[in-house]
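What follows is one structure encoded as structure tokens, with my remarks underneath.
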DNA sequence: TTCCGACAGTGGGGTCGCAAT
DNA sequence: ATTGCGACCCCACTATCGGAA
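Residue numbers (my numbering): 2 to 514.
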């Protein structure tokens, strides 16, 4: 199959807003692909590379390359070139990689180049990724969409499922089972504003569990063999000897557990997220990193135990099994409430959890199965929200559907000398209407135009929600906001009434030390 | 007919490893 | 030794389609 077919279908998928049409287009190309093309075409149309990330971004791609006048590249040739590119490492590798990517681009037409750039940078924005590709695959193969999705979730990706389906038809899906050692996509949580709201939404009995601010892990144990995977199913076993040791202590030989890894201080209080993340990111000298920042696994779910698959059981039953397998300190703290009438108990538990220094709680229905790969309505996270009134210092032009709109705001707090210190940026929380309005308003306030956006007179006050303060080497106050988002503009306030760096630091003692 | 679940898009900061400077 | 880039951790929020109610 020629690459131009894939590029053309991607363009057509992007051009329609109808999901059923996107699905039909993807299915059409899957039918067209030969068995040897499938392992490449499937990930390409889901916006992924079969090789994973190649270490190539916008900067490496560099200057435009003169495109070929006629399409000739096949999907398989492209895949071979990219495999070769991935293998290049060591001194001089940057130049060699640029040479290889330039050579590939020179063989691609304009349309193919655009698709390749999107693929390499991970920005195939066609309004259809994994879920749409799975549905398209189901349509092309005659399998039930829910069966395909389940197989994809169990296989941890689309490619093996596509190959099996096209080789052996829908009955091949039965081969995809939960397997110790093979990661499955983790279940994710939705958000709720308060514990009371969360308990009310679930309606019935619920577990209120502490939410630890660390790294999500899925731990597989088969006897002495242990594997640890991240939320995106990358294997990080080698970086986490403490987790391997802890898994071997559990009271079960063949297990799949879901949990969080977090660095705790000598009093058992959580260390800042940045320290946990830095520790788990350290790959080159794990033993000294582990001495400096030891981490602990804390589990909250179990998917498999000694030959029994538990994912489809109600959470109450899975947790009973977890309690049998893991001792108290290896499990998240929790409280069980009977229902909405017990909301006060849920709020009390949240308050106590925050008092212990943790991030918040996850309120979980006791009835729901483990919805792997889904953001299930059975898990609701609740975290306290802080707010500030900050001043817009500048704004950046948006991209994609925000092209032509001033989108990303630079946010400042007042300083003692009467100026402003930038605390970070945000593009979140804006409706289309608000984007329109702020684009006009900020252009009125503009004092300088740049290629990236505008700097403005510091007059506009915006109310910002954020999750907390963290240390920063990038911003002048030495701190930045975590997960800042816009709540509303405060046209009733002048910049002189905005919050100050001083009061911000006082609100979060211990961040700067 | 209206409602709502699920997805995709739009980017944020930090930290690490690696190659280039 | 320092710098720049890319990968990958954490993530919030809105718009939209299409099936459910």
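Don't be surprised by glycine CBs; every beta carbon is placed ideally from N, CA and C.
Simplified DSSP state of residue i, which is helix, strand or coil
| i | result |
| --- | --- |
| residue 274 | helix |
| residue 257 | strand |
| residue 135 | helix |
| residue 386 | coil |
| residue 371 | coil |
| residue 284 | coil |
| residue 406 | coil |
| residue 432 | coil |
| residue 268 | coil |
| residue 461 | coil |
| residue 11 | helix |
| residue 239 | helix |
| residue 396 | strand |
| residue 245 | helix |
| residue 492 | coil |
| residue 45 | helix |
| residue 75 | strand |
| residue 89 | coil |
| residue 471 | strand |
| residue 348 | helix |
| residue 2 | coil |
| residue 205 | coil |
Nearest-angstrom Cβ-Cβ length linking residue i and residue j, presumed shorter than 8 Å
| i | j | result |
| --- | --- | --- |
| residue 347 | residue 200 | 5 Å |
| residue 157 | residue 185 | 6 Å |
| residue 239 | residue 287 | 7 Å |
| residue 235 | residue 300 | Actually they do not touch by this definition, with Cβ atoms about 19 Å apart. |
| residue 526 | residue 28 | The chain is shown only over 2 to 514; residue 526 falls outside these bounds and no answer can be derived. |
| residue 396 | residue 454 | 5 Å |
| residue 334 | residue 211 | 5 Å |
| residue 127 | residue 15 | 4 Å |
| residue 379 | residue 369 | 3 Å |
| residue 125 | residue 18 | 17 Å between Cβ atoms; not a contact. |
| residue 294 | residue 264 | 5 Å |
| residue 216 | residue 231 | 7 Å |
Sequence-distant residues of the same chain with beta carbon closer than 8 Å to residue i, five excluded per side
| i | result |
| --- | --- |
| residue 465 | 388, 389, 390, 391, 412, 427, 482, 485, 486, 487 and 488 |
| residue 179 | 155, 185, 257, 304, 305, 310 and 312 |
| residue 316 | 208, 302, 365, 366, 367, 368, 369, 370, 371 and 379 |
Cβ-based neighbour list, residue i, same chain, cut-off 7 Å, excluding 5 preceding and 5 following
| i | result |
| --- | --- |
| residue 52 | 83, 84 and 87 |
| residue 195 | 383 |
| residue 374 | 154 and 186 |
| residue 496 | 392, 459, 460 and 462 |
| residue 160 | 40, 43, 44 and 51 |
| residue 129 | 14, 23 and 27 |
When the options are compared against residue i, the one with the closest alpha-carbon
| i | options | result |
| --- | --- | --- |
| residue 224 | 260, 251 and 208 | 251 |
| residue 256 | 228, 476 and 266 | 228 |
| residue 296 | 278, 328 and 469 | 278 |
| residue 431 | 410, 284 and 424 | 410 |
| residue 1 | 97, 15 and 470 | Within the shown structure, residues of the chain are numbered from 2 to 514, placing residue 1 beyond reach of any answer. |
| residue 363 | 261, 327 and 494 | 261 |
| residue 472 | 104, 231 and 506 | 506 |
| residue 118 | 141, 72, 78 and 48 | 48 |
| residue 56 | 99, 75 and 77 | 99 |
| residue 135 | 46, 76 and 189 | 46 |
| residue 123 | 133, 59, 183 and 321 | 59 |
| residue 37 | 444, 141, 168 and 342 | 168 |
| residue 54 | 232, 110 and 121 | 121 |
| residue 193 | 446, 386 and 415 | 386 |
| residue 358 | 381, 266 and 490 | 266 |
| residue 329 | 2, 70 and 247 | 247 |
| residue 190 | 416, 429 and 381 | 381 |
Chain-order list of residues whose beta-carbon lies under 6 Å from that of residue i (same chain, five-residue window excluded)
| i | result |
| --- | --- |
| residue 163 | 39, 43 and 138 |
| residue 470 | 480, 509 and 512 |
| residue 8 | 112, 113 and 116 |
| residue 148 | 174 |
| residue 66 | 103, 106 and 107 |
| residue 478 | 422 and 502 |
Classification of residue i by the beta-carbon crowding that lies within 10 angstroms, buried from 16 upward
| i | result |
| --- | --- |
| residue 449 | exposed |
| residue 221 | buried |
| residue 150 | buried |
| residue 365 | buried |
| residue 24 | buried |
| residue 79 | buried |
| residue 91 | exposed |
| residue 451 | exposed |
| residue 152 | buried |
| residue 408 | buried |
| residue 549 | No answer is possible for residue 549: the residues shown for the chain start at 2 and end at 514. |
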